[in-house]
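> Okay, handing you the structure first.
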Amino acid sequence: MSDDTVREIWSDDDLDLALRTLRSDVDTDTAVLARSRTELITAAGGTPAEPAAPGRNRSRRWPWLAAACATAVALVASLLLVRLDQPEPNAVAADLNVVADLVVDRVAVSDEPVPAGRYRYIATHAWWMSTAVLPHDSFSYLEERVIETWVPADERQEWLRRDTVTGERKWIDGTEEEAKAAGVSFDRPPKAPELRAPCGDFHAENDGRAPCTQEGGWQEPDAEFMAELPRDQEELYHRLRDDTDGRGPDPDLEMLVYVADLLRSGLVPADLRAALYRTLGLVPGLEVTEKVANLDGHEGVAYGISAAGVRHDIIIDPATGRFLGEREITEEGYQGVPAGTVVSYTSVTTAVVEDLGDVPAG
Amino acid sequence: MTMTERQPPDDVPAHRDRPHLGGPEPAVEFGRLFDTYARPLHRYLARRVGQDAAHDLVSETFLVALNQRHDYDPRRGVVRSWLYGIATNLLRRRARDEVRGLRAAARSAGHAAGQDSGHDNAVAARVDAAAMAARLAGALAGLSEGDRDVLLLTSWAGLDSNEVADALGIPVGTVRSRLHRVRRSLRATAPREETGDE
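Spelled out as structure tokens, the structure:
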């Protein structure tokens, strides 16, 4: 064993190099794959007459595209990281500062306190696009999933989370009648798993951990995680930049996505929410994409970033500074789905309720 | 599969591909899924358990997917996560083979490192990388299956954290913290891993 390959600790680059190299010489036998395809299509009741050739083209094109995009993103990322060492206010920074001030001034309104023994109820209504493909047609629609969380005033007590697929659909390409007439079936098994756990640590048992030991993060924030996030906008900006480094298709977009992840929890205290809004004022490329955006019946200002063919908006109520939700809009369009179509959106509402499982009226 | 005017959106990228699989002619959609995902899935599985076993696993994954197509719910995740989730379950049965293969790869380190003297830099770098890969193999053999899944679904399959979370049925925060922990531990243990360790 030569000593120069043995180091005390590898860098991240060393580890990535080793990961890239290990077993990178595998081959896929196209003939074997074609046999598997034939078997699959026959099992699916189809006629496997078509050779796998068009499929090979397609599957080859994708990784190439992905690789090209990844290279472009990496290049852009490295340029941006150099340029963005000193963050500059963007075009909407002034607006966002006003909203942030509003959040702090109206803390009593925007942060309804939860009295002892009661619960904060947080409902997120998420809509996702799905496409049904038939031999000569396709249908696209948005479908709803609702995630409700009940958070006790004392967060160490038991939380409840209910995850419901509602069966609500909004049609983008085609209609429900047309789809059903064409034989598209919508009777998927309804699933509504209910999770209960102290601290909202719903997966402790699965992970083999003691309850209440989940480390908080942007996607699963806890009070501790949020308490230690900086309130200074530049410090928070750098923290966000570091935590999103190397993630997502675009570095600036990913900052917006992380902020939305945190805000979507419905748990962010007013001072942190204000700091997040001010920090968004430093994210390059963020702009007002719609002055009066309607999200599930609530109106607010949409702030968005475009990247990789998609625009991601977050929507804030300018009167209260409340985070209303987010949406994604395709800028390139797909088959049957024109550019400018909303392909997913999530709205967030919160309330204070008496008991676990109670749903606010209206 | 015939090409028609209104063909499926073959330009939908994997991270937003949420097909409706409840259609009356699953052959069309499964043809598309196979053409899009089988080759990268095979490559991923081959790196974990070898080419031949991977061919069987790809075939099984798609047949299981076909049989369970009514369980796939596009609102709960992209189809790629679902397919890799099925493949991960099937891979469980081969965990012992995988560990054996990793230990064998770790033992090959001695050969790789023994060839490096007197060559140009490019060759030396390649040999160095091969030796590091062998050390990594030894360290990977010592990971739990869950940790290996998170690391390799990310690094080899190219899934993002949300997709890994959906594939494994764990929260995305767990994926990110686990990935961070596993990488940190590998950076420390892989360089020290003894070759030929059993």
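In the order they appear, the protein sequences are chains A and W.
Residues are numbered in the numbering used here as their position in the first sequence, beginning at 1, plus a constant of 2.
Residues are numbered in the numbering used here as their position in the second sequence, beginning at 1, plus a constant of 1224.
Where a beta carbon is used, it is the ideal one built from N, C-alpha and C, also for glycine.
Can a CB atom of chain W be found closer than 8 Å to the CB of T133 of chain A?
T133 of chain A counts as touching chain W.
> Would the beta-carbon of L1281 of chain W fall within 8 Å of that of L1307 of chain W?
Their beta carbons are not under 8 Å apart, which means L1281 of chain W does not touch L1307 of chain W by this criterion.
> For my contact list, L21 of chain A and L1257 of chain W are in at a C-beta cut-off of 8 Å; report their separation, rounded to the angstrom.
In fact, because the Cβ distance is near 27 Å, the residues do not count as touching under 8 Å.
> For L1315 of chain W, would you say it is in contact with chain A, using Cβ-to-Cβ distances shorter than 8 Å as the test?
No, L1315 of chain W does not count as interfacial toward chain A.
> Thinking C-beta only, is A1389 of chain W closer than 8 Å to Y1268 of chain W?
No, the Cβ-Cβ distance between Y1268 of chain W and A1389 of chain W is not below 8 Å.
> Between W:E1387, W:L1375 and W:P1395, which has its C-alpha nearest L1410 of chain W's C-alpha?
Out of W:E1387, W:L1375 and W:P1395, W:L1375 has the C-alpha closest to the C-alpha of L1410 of chain W.
> Which residue from A:Y336, A:G338, A:G311 and A:N296 puts its Cα closest to that of D319 of chain A?
Ranking the options by Cα distance to D319 of chain A, first place goes to A:N296.
> Looking at chain A, which residues of the segment 1391-1414 of chain W have a Cβ within less than 7 Å of any of its Cβ atoms?
Cβ contacts with chain A come from I1394, P1395, V1396, G1397, T1398, R1400, S1401, R1407, L1410, R1411, A1412 and A1414.
> What residue range does the beta strand (DSSP E) around I1310 of chain W cover?
Careful: I1310 of chain W lies outside any beta strand (DSSP E), inside the alpha helix (DSSP H) at V1303 to R1316.
> Going by DSSP, what residue range makes up the alpha helix (DSSP H) through E1369 of chain W?
Taken as a continuous stretch (DSSP letters only), the alpha helix (DSSP H) holding E1369 of chain W covers E1369 to S1379.
> Counting only Cβ pairs nearer than 7 Å, list the residues of chain W close to A33 of chain A.
In chain order: nothing, as chain W lies at least about 10 Å away.
> Can you tell me whether T332 of chain A is buried or exposed? The criterion is at least 16 other CB atoms within 10 Å of its CB, across all chains shown.
Per the 10 Å Cβ criterion, buried.
> Taking any Cβ of chain A, which residues in the segment 1362-1393 of chain W have a Cβ under 7 Å from it, in chain order?
Residues passing the 7 Å Cβ filter: S1379.
> Can you tell me whether A341 of chain A is buried or exposed? The criterion is at least 16 other CB atoms within 10 Å of its CB, across all chains shown.
Under this definition A341 of chain A is an exposed residue.
> Using a Cβ cut-off of 9 Å, pull out every chain A residue sitting near D1321 of chain W, in sequence order please.
Ordered by position in chain A, no residue passes the 9 Å Cβ test against D1321 of chain W, which lies about 14 Å from the chain.
> Count the other CB atoms, across all protein chains shown, that sit within 10 Å of the CB of H314 of chain A; report buried if there are 16 or more and exposed otherwise.
Label assigned to H314 of chain A: buried.
> When the Cα of P195 of chain A is compared with those of W:R1400, W:V1399, W:G1393 and W:R1407, which residue comes out closest?
Residue W:G1393 is the option with its Cα nearest to P195 of chain A.
> DSSP three-state call for Q159 of chain A: helix, strand or coil?
Reduced to three states, the DSSP call for Q159 of chain A is coil.
> For the alpha helix (DSSP H) holding Y1261 of chain W, just list the boundary residues, first then last.
First-last of the alpha helix (DSSP H) with Y1261 of chain W: P1250 to V1273.
> Just the Cα atoms here: how many angstroms apart are D1276 of chain W and T166 of chain A?
C-alpha separation (whole angstroms): 41 Å.
> Run through chain W and tell me which residues come within less than 8 Å of I11 of chain A, C-beta to C-beta.
Result: R1411, A1412 and P1415.
> Could you run through the segment 1255-1284 of chain W and flag, in chain order, every residue whose CB is less than 7 Å away from some CB of chain A?
Listed by position, the residues of the segment 1255-1284 of chain W near chain A (Cβ gap below 7 Å) are G1255, R1256, F1258, D1259, T1260, A1262, R1263, P1264, H1266, R1267, A1270, R1271, Q1275, H1279, V1282 and S1283.
> Under the DSSP definition of a beta bridge, which residues are partnered with N296 of chain A?
For N296 of chain A, which the question treats as bridged, DSSP gives the partners A:E301.
> Apply the 10 Å Cβ neighbour rule to V1303 of chain W and answer buried if 16 or more other Cβ atoms are within range, or exposed otherwise.
When all chains shown are included, V1303 of chain W counts as buried.
> Helix, strand or coil for T281 of chain A per DSSP?
It is helical.
> Which same chain residues, not among the five before or five after A304 of chain A, have their C-beta less than 6 Å away from its C-beta?
T291, E292, A295, D315 and I317.
> Can you list, in chain order, the residues of its chain whose CB lies under 8 Å from that of L1290 of chain W, leaving out five sequence neighbours each side?
Within the same chain, L1290 of chain W has close Cβ partners P1250 and F1254.
> Leaving out five residues before and five after V350 of chain A in sequence, what residues of the same chain have Cβ atoms less than 6 Å from its Cβ?
T126, R266, G268 and G327, listed in sequence order.
> Using a Cβ cut-off of 9 Å, pull out every chain W residue sitting near G219 of chain A, in sequence order please.
The answer, in chain order, is V1396, G1397, R1400 and S1401.
> Thinking just about the alpha-carbon of each residue, which of W:R1350, W:A1354 and W:R1407 is nearest to the one in S1379 of chain W?
Of the candidates W:R1350, W:A1354 and W:R1407, the one whose C-alpha sits nearest the C-alpha of S1379 of chain W is W:R1407.
> Check the DSSP bridge columns for T94 of chain A and list the partner residues they point to.
Before going further, note that residue 94 of chain A is Val rather than Thr in the sequence given. In DSSP, V94 of chain A forms no bridge with anything.
> Starting from A353 of chain A and walking both ways along the beta strand (DSSP E), at which residues does that stretch end?
V344 to V355 is the extent of the beta strand (DSSP E) around A353 of chain A.
> On the CB-based measure, 16 or more other CB atoms within 10 Å of its CB, does A72 of chain A come out buried or exposed?
The predicted position of A72 of chain A is uncertain, since its pLDDT is 42 and thus under 50; no value can be drawn from it.
> Any beta carbon of chain W sitting closer than 8 Å to that of L258 of chain A?
Not one chain W Cβ lies under 8 Å of L258 of chain A.
> Contact check, T281 of chain A vs Y260 of chain A under 8 Å by CB: the rounded distance?
Not confirmed; about 10 Å, so no contact.
> Under a Cβ-count criterion, where at least 16 other Cβ atoms within 10 Å of its own Cβ denotes burial, should S38 of chain A be classed as buried or exposed?
Its Cβ being crowded by 16 or more others within 10 Å, S38 of chain A is buried.
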